[in-house]
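Residue numbers (our numbering), protein chains in the order written: chain A, 56 to 464; chain B, 56 to 464.
We put the beta carbon where it would ideally sit given N, CA and C, even for glycine.
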């Protein structure tokens, strides 16, 4: 008799975004004339950069000719031309020495942050911020690394680290021991960033406790403050304790194209139960070559084009457009008397709901009165209660209209 | 202390294809003037169909314009336009009623056949053919569903079903009970196909034992015999016991583009340990929406183009080119006195090594004397010893030359 993975059955009903979709559709059906504006799901709205489009056309043409056709990406870890561009532009340009052999190209940071837990034993204690991107938690539930559901959105055996206005949404390392630590800076959903000093404490904690940091830097392109690190490897010693995740989704509008990469330093090791050190770089490579077959050649050419002089300029232009949205959202909401966080080094604005309204309550208010869709903060964890997340990825005209509508409620 | 997933350490050294790559590179370095011809790794050589190229150019242009830009593929299970084309052309056209909601688009049959085991408990007993596509076994090792390595390429707790010349490379259902059965027809590596009667026995076995069949039909487009089923769902009752995997890789040359799909029937259930039936369709959907973010819009448009009248004709033309290669390989080798199997309803030829030579021995001989790269049969399991696999995916000129060289050894 085939038995089911019962860990899946521990997942709490309704992944956040389907629930938002349901409420959105119900409202739209009841009010067919309302024009909803989405500031909820973190999807981009601006087209791909012209340099990327041109590169993709060229790659498509290559695939139509026998002599330039590309089949399997040998090994499934990414073409050298892309990994070299990443190494040079994302790391060496910032004084960080990350080698091509430490870079693994994939179809998304969601896939990578979801799959990375497979390299570790089921006995590891996981620490996550609260609120948190749900994928980190859910994938550990599915693997059986947690107990049953505790409070809404939380599970037994996971260590939740509240990220609140009091700590500037950057939790300190815990007093006790944990083994795997998910950190996301610039943060989804709060828009907070961590300073060098704050990250240094985490790297030290990991070193002392032989813990590993899983560092999600998918939003690093949105950092405007020159003192904020873009990579955890800007912290000394991080190559001994951290894996980093990057994505072209939010950097270059690749949500519908699918390209990302993970950095697994060659020095990074975890232990067997009897204390033997095991290198994680070949383990991740083995996972990819067994369970994955690489990213489309066309997509990898497109990603590489974001590093050309033209591509960089165009990609930067779109990021500035989104960050101008963020600025307008912050300023307008502040003027209306709302308390807002984030939106300076991140494309997310974390809005405190007024007068103690609950997240879903305020979500429903914004939906029904302003026809604006947001993301309820509590959907990211209990400490997100009393907040909603707004994204800056909208079209500027829609952002302006959304704020004009919010003004009237 | 972060601990490693020790199941990974049970994997036997060297995934097959990297090992082949290593020997190939070593030979090439020692003989820089030798022009190697690959008949080893199952990668295609012919360019994408013109209809696919045209569709991709159009999709790339859409991504460059705000009004037609596509971000996330909502839910990550595939666009309806592609799933409808699949339902109609791959199933309804063969009298099989598979609904759009039962089709899940992915980036490859390797990913799907690797990931599907996650839906099942660790206590399930796995059955595979021997020889077998290594991914089925390795992913179960990594999950901890096996014991340690036994003989080369095998693991304790897995039930291996020898596929030999004696049973026409189609094993019978086992006498004892197993829970998850991987079947691959047309078969990689032997090129064997299963008749309706043979598949019927498997469906009956699964029904009687509440087992689930994981049916890899990635090569169905190569079936030339009108009586051989293309889908397991052509067998009555299969929707209650089977998941099917399909791919555009070998059908339409998408090895470097990445698109495939899995079919998880709504009627299909597995049980909790205490006997409660759980539907697998929503579980697979939950996996995808948590760990995956869909396939590139451009790639899905490309896949849909293979179902246009033009696309179908062009794709068929390439398959016929490969199958003509297969015919030439079969005929030439037979004429040279070799014993060969497969290559009639599959792009693989399973060649018995002469005079009791071992697989790797004959691999090395073909590499050094004919400069032809093959795949050692033993790499697919102990029952593959004494065979090498040849693929028909080469360019016709290379195939002809390879055979001329083999003639001289």
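(request) Confirm, please, whether the CB-CB distance from residue 343(B) to residue 132(B) is below 8 Å. (result) yes
(message) Under 8 Å, CB to CB, which of the residues in the segment 342-370 of chain A have a partner in chain B?
(response) 342, 344, 345, 346, 347, 348, 349, 350, 351, 352, 353, 354
(message) I want to check one thing, is the minimum distance from the CB of residue 241(B) to the heavy atoms of the ligand GTP below 7 Å?
(response) In the structure shown, the ligand GTP is absent, as is every other ligand, since no ligand is present at all.
(request) Return yes when the Cβ of residue 323(A) is within less than 8 Å of the Cβ of residue 280(A), no when it is not. (result) no
(request) Buried or exposed for residue 165(B), please, with buried defined as at least 16 other CB atoms from any protein chain shown within 10 angstroms of its CB. (result) buried
(request) Along the beta strand (DSSP E) that carries residue 215(B), what are the first and last residues, could you check? (result) 214-217
(request) Under 8 Å Cβ to Cβ from residue 336(A), same chain only, skipping five residues before and after it: list those, please. (result) 156, 157, 319, 320, 321, 323
(message) Going residue by residue through the segment 208-278 of chain A, where are the continuous alpha helix (DSSP H) segments of at least 4 residues, counting only ones entirely within it?
(response) 251-264
(request) Within 10 angstroms of the Cβ of residue 92(B), are there 16 or more other Cβ atoms? Answer buried if so, exposed if not. (result) buried
(request) Using a cut-off of 7 Å between C-beta atoms, extract the partners of residue 127(B) located in chain A. (result) 98, 310, 311
(message) Counting only C-beta atoms, is residue 178(B) closer than 8 Å to chain A at any point?
(response) yes
(request) Per DSSP, which residues does residue 185(A) bridge with? Please list them. (result) 217(A)
(request) Below 8 Å on the Cβ atoms is my guess for residue 276(B) versus residue 397(B); work out the distance and round it to an integer in Å. (result) The Cβ separation is near 15 Å, so there is no contact.
(message) Let me check one thing: in DSSP terms, what residues is residue 431(A) bridge-paired to?
(response) 443(A)
(message) So, with DSSP's three-state summary, where would you put residue 291(A)?
(response) coil
(message) Short of 6 Å in beta carbon distance, which residues of its chain neighbour residue 360(B), apart from the five on each side in sequence? Order them along the chain.
(response) 106, 107, 110, 366
(request) Determine whether the Cβ of residue 230(A) lies closer than 8 Å to any Cβ atom of chain B. (result) no
(message) In the DSSP assignment, the beta strand (DSSP E) including residue 311(B) goes from what residue to what residue?
(response) Run containing residue 311(B): none; DSSP gives neither H nor E here.
(message) Between which residues of its own chain and residue 274(B) is the CB-CB distance below 7 Å, once the five residues before and five after are set aside?
(response) 241, 243, 305, 401, 402
(message) Could you check whether the Cβ of residue 207(B) sits closer than 8 Å to any Cβ belonging to chain A?
(response) no
(request) Rounded to whole angstroms, what's the CA-CA distance from residue 174(A) to residue 63(B)? Just pull it up for me. (result) 8 Å
(message) Does the CB of residue 102(B) have a neighbour CB from chain A at under 8 Å?
(response) yes
(message) With a threshold of 8 Å between beta-carbons, can residue 124(B) be considered close to chain A, or not?
(response) yes
(request) State the CB to CB distance for the pair residue 204(B) and residue 65(B), rounded to an integer number of angstroms; the pair is presumed to be in contact (CB under 8 Å). (result) 6 Å
(request) Determine the contact status of residue 393(A) and residue 140(A), defining contact as a CB-CB distance below 8 Å. (result) no
(request) With a cut-off of 8 Å on the beta carbons, I'd call residue 252(A) and residue 149(A) a contact; round off their distance for me. (result) In fact, because the Cβ distance is near 18 Å, the residues do not count as touching under 8 Å.
(request) Report the three-state DSSP secondary structure of residue 191(A) (helix, strand or coil). (result) helix
(request) Measure the C-alpha to C-alpha separation of residue 57(B) and residue 210(A) and round it to an integer number of angstroms. (result) 20 Å
(request) Would you kindly work out how many angstroms separate the C-alpha atoms of residue 181(B) and residue 168(B), rounded to a whole number? (result) 13 Å
(message) Check for me: the alpha helix (DSSP H) holding residue 115(B) runs from which residue to which?
(response) 105-118
(request) Inspect the beta-carbon positions of residue 237(B) and residue 271(B) and report whether they are closer than 8 Å. (result) yes
(message) Using only the alpha-carbon positions, how far apart do residue 228(B) and residue 260(B) sit?
(response) 7 Å
(message) Measuring straight from C-alpha to C-alpha, what distance separates residue 196(B) and residue 413(A)?
(response) 46 Å
(request) Within its chain, find whatever has a CB closer than 7 Å to the CB of residue 136(A); leave out the 5 residues flanking it on each side and keep chain order. (result) 359
(request) Could you run through the segment 237-257 of chain B and flag, in chain order, every residue whose CB is less than 7 Å away from some CB of chain A? (result) none
(request) Step through the CB atoms of chain B and report whether any lies within less than 8 Å of the CB of residue 457(A). (result) no
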